[in-house]
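A.B. asks: Have a look at this one.
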Ligand code: SF4
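This is the structure we're talking about:
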């Protein structure tokens, strides 16, 4: 007769040594198996440490044992691998809630399936709302579970349950002891019930304290399936003596504050424990490293972070379809990383490849070419993919490469890095070999796989396999989760991140399963509702009182984008400590925990204006760099053999005014921009195309010198002519843009065709159909400008340029400049030198006309014509007052603020101090290229070298 007994235990007595010993004795006596089940890996490790040789295990492992006992051939599938198979089936046509099922949702479908199985539901009992997915789930079960004998964790347990019912006599287990569980999933309960039916003795030890309502619920269910309650007295011995709550201003301060507290604690590290509320332990390792706090947890790294895994992924994804140089670049980079090429060598090789597809090193080229020629079947047997992949790894001779590198490297960090790459490759190869053998042993040689799925499988390996980086420090601080915190044996426990919302956390079922789906009664044992999880978290919280004498809860205080950050509601009765962990409190302290910490603190005091003696070299250097960034000065002594000729283009002056540093890089040092993949048609190409079309149509018309009214009869065909010219010239643009997709090119083309049509309509409106300008005419197109400007220091500067168009009516002129982008002008921009073309061209042309014709001329206006806003005549030009407003013959809107009655005259230059500004710019252009932008483009390629500060960019904007 099998025993089914239920006992109570103190949370700290889970995996009690005597209990483990008794079970171990039983294990020795019995011929059949005896298992000891515990709820987490940490508990299992503890049990193995206390009683080596005892079969301490999990429900999943017992299920696998049962399947193996009955020699059922199967391949275990992880949850990740299950998702891969779903991906394959969702590609076939399935609709769910009216939506076509897409592969991006494969994970959600796989999770939904896993959740249903954990609820112990059969596909016949699937909730109504999920019925549309039944077909997909059936297909998965038929083809993967039954067809290929591949069992995910839930199906392994379900299969074991079936075997327990069908052939109990063949299952060689005599007893199972389950310890430390607060609750069981419906699937685990079905498993326990099946153990009972198979007449296997089961003893369950549950934590037995008051306010553990979740355990009461579990006990009730166990009793309902036949367990006998052997609990005697509640275990009420509490340990807690003192509790406190500390707020931190940010997450970073929470960790810094915590680590400083640990460093200053009266307790040794092994007496201190950390419970990280959200289970994310990456931060613990990071800050523990920073504060040199030893941690009793091994340091591990995912294989996906290694270069070798990335290279193998690229090798596996290779197709022989033609690729652009940009598409080949990731492989180039990865090959270089494998060979430990870095710094300048790395940059040189990349540049050589982008420019001419050349390789500097033959060995690197061989590996690159080998990978580039790899071809993979779209679909093949899983085992064939594995075997081919192993052969590829072999042919790459990466082990030899790493061995050679290990022999040559001297730097310790580099040696470590190479050793990690070596170990990662070894792990991958071992795993592949193991899987290959598994498939062979289980007779699954014909199991099919697709190329995509195989890539995803290898990608998944990178996430699941880990590299061991550093041992746990036995004397270090221990890290726990809520499930295993009762293992804590020390004095002081910190519970980190106890924010409202983080604990108790909202519970979500996996995939598309909703709470209402599990309340219909089909789930036999306690369904995992929100209430269930609330009770479980409440019990987790209550256990702390039995676990440590001193507990410090910490949380982040403040306001995020949506709501105030508050402590957990469970801490309502706890008074917040007066000390708060903030940056100001921390940085202002008089002691430091490391040399970096000391430097930070010294830098802070220095910044506050304190006098710091014996400033460390690093801080001194840092200060120098900051000063340099703040000043932004970049003087250059140009090694010029001849004196500089006083000739400069107006656009160069503008460019220097926009950003002297950028001007220095582009025009003086001629540092070319880094090459990058072309995503849009070059604005320069567009600008040239538009200018050439405008120039050609007016030239073909012989427009120069003819009044607008005379031309009016001859312009009917212009729209068609513009279309023709555009088509012709666009071909060239396409040739210059080989990396842009056809679709993008087509869209850009249509956009500019439309803009040109609107441009011509505006030209008609403002000139040819404008009754006020009937007698006006185009005086010149693309007119070269060259004039002398006497500067304020009695020198003369020759300025050059080209005016797109000049119109003339009697002795009045107007200067126009066509722009393909948006264009505007403000008088401040003129004074600062950002917009000099319009006023200086107006000045130069008026002077020239007066000299040639010996008559008085005046500039009525000077304006940009933007191809994006061709109708605009307001903020894009400078006009005499009489030509602004309702009566303007040039249609200039009354919104135009740039009213200048001296436009084109000497007085204009005086009013706006242009000579002084031009002198300043011209002198700067010879030697001084500071990071002092007046306009800082977000797309500027020199940003990485100029390191412009945010303040300077803000100043430029304002
Ligand atoms: S990023 Fe700004 S400041 Fe730096 S070079 Fe470019 S334009 Fe000048």
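Residue numbers (UniProt numbering): 1 to 958.
Each residue gets a CB set at the ideal place from its N, CA and C atoms; glycine is no exception.
(1) Taking the Cβ atom as the reference point for each residue, do residue 550 and residue 242 lie within a distance shorter than 9 angstroms?
(2) Starting from residue 1047, trace the beta strand (DSSP E) both ways and give me its first and last residue.
(3) Excluding the 5 residues flanking residue 130 on each side, which residues of the same chain have their C-beta closer than 8 angstroms to its C-beta?
(4) Expressed to the nearest angstrom, what Euclidean distance is found between the alpha-carbon atoms of residue 317 and residue 300?
(5) Alpha carbon to alpha carbon, how far is residue 107 from residue 311? Give it in angstroms, no decimals.
(6) Between the alpha carbons of residue 215 and residue 578, how many angstroms are there, rounded?
(7) Which term fits residue 877, buried or exposed, when burial requires 16 or more other beta carbons within 10 angstroms of its beta carbon?
(8) Is residue 378 a contact residue of ligand 2, with contact defined as CB to any heavy atom under 8 angstroms?
(9) Could you say which of 49, 179 and 162 lies nearest to residue 35 if we only look at CA atoms?
(10) Mind reading off the beta-carbon distance from residue 228 to residue 5? Whole number of angstroms is fine, and I expect it under 8 angstroms.
(11) Quick one, what's near ligand 1 if you take every residue whose CB is closer than 6 angstroms to any heavy atom, in chain order?
(12) State the CB to CB distance for the pair residue 297 and residue 472, rounded to an integer number of angstroms; the pair is presumed to be in contact (CB under 8 angstroms).
(13) Please state whether DSSP places residue 212 in a helix, a strand or coil.
(14) Quick check on DSSP: helix, strand or coil for residue 957?
(15) Could you spell out the range, first to last residue, of the beta strand (DSSP E) harbouring residue 509?
(16) When burial is assigned at 16 or more other CB atoms within 10 Å of the CB, is residue 23 buried or exposed?
(17) By a C-beta neighbour count over all protein chains shown, 10 Å radius and 16 as the cutoff for buried, is residue 198 buried or exposed?
(18) What separation, rounded to the nearest whole angstrom, lies between the Cα atoms of residue 172 and residue 53?
(19) Would you give the residue range spanned by the beta strand (DSSP E) that residue 875 belongs to?
(20) So does the segment 269–278 actually touch the segment 569–587, counting three or more Cβ pairs closer than 8 angstroms?
(21) Taking the continuous alpha helix (DSSP H) assigned at residue 959, which residues delimit it?
(22) On the premise that residue 528 lies in contact with residue 519, defined as a C-beta separation below 8 angstroms, what is that separation, rounded to the nearest angstrom?
(23) Under the assumption that residue 109 contacts residue 84 (Cβ atoms under 8 angstroms), give the Cβ distance between them as a whole number of angstroms.
(24) Under 9 angstroms, do residue 303 and residue 461 count as touching if we go by C-beta distance?
(25) Hey, out of 380, 335, 451 and 355, whose CA is closest to residue 362's CA?
(26) With DSSP run on the structure shown, which of helix, strand or coil describes residue 129?
(27) By DSSP, does residue 10 sit in helix, in strand, or in coil?
(28) Does DSSP put residue 806 in a helix, a strand or coil?
(29) If distances are taken between C-alpha atoms only, which option among 771, 711, 690 and 593 comes closest to residue 732?
(30) Quick check on DSSP: helix, strand or coil for residue 122?
(31) Pick helix, strand or coil for residue 944, following the three-state DSSP scheme.
(32) In terms of DSSP beta bridges, what is residue 861 paired with?
(33) Among 78, 181 and 143, which one has its Cα closest to the Cα of residue 463?
(34) Quick check on residue 318: does DSSP put it in helix, strand or coil?
(35) Could you round the C-beta distance between residue 734 and residue 745 to whole angstroms and report it? I think they count as a contact, below 8 angstroms.
(36) So which of 205, 174, 631 and 86 has the shortest CA-CA distance to residue 150?
C.D. replies: The relevant details are as follows:
(1) yes
(2) The question about residue 1047 has no answer here: the residues shown for the chain are numbered 1 through 958.
(3) 112, 116, 512, 513 and 517
(4) 27 angstroms
(5) 26 angstroms
(6) Distance between the alpha carbons of residue 215 and residue 578: 37 angstroms.
(7) buried
(8) Judged by which ligands are present, ligand 2 is missing from the structure shown, whose ligands are ligand 1.
(9) 179
(10) 5 angstroms
(11) 659, 661, 662, 931, 933, 936, 937, 940, 942, 943, 946 and 948
(12) 5 angstroms
(13) Here DSSP, grouped into helix, strand and coil, assigns residue 212 to coil.
(14) For residue 957, the three-state secondary structure derived from DSSP is helix.
(15) Premise fails: residue 509 is in no beta strand (DSSP E) and is neither H nor E.
(16) buried
(17) buried
(18) 18 angstroms
(19) Here residue 875 belongs to no beta strand (DSSP E), and DSSP marks it neither H nor E.
(20) no
(21) Only positions 1 to 958 of the chain appear in the structure, and residue 959 is not among them; the question remains open.
(22) Residue 528 and residue 519 do not touch by the CB rule: their CB atoms are close to 11 angstroms apart, not below 8 angstroms.
(23) Their Cβ separation, rounded to whole angstroms, is 12 angstroms, which puts residue 109 and residue 84 out of contact at 8 angstroms.
(24) yes
(25) 335
(26) helix
(27) coil
(28) strand
(29) 690
(30) Coil.
(31) helix
(32) 814 and 879
(33) 78
(34) coil
(35) The pair is a contact, with the Cβ atoms about 6 angstroms apart (cut-off 8 angstroms).
(36) 86
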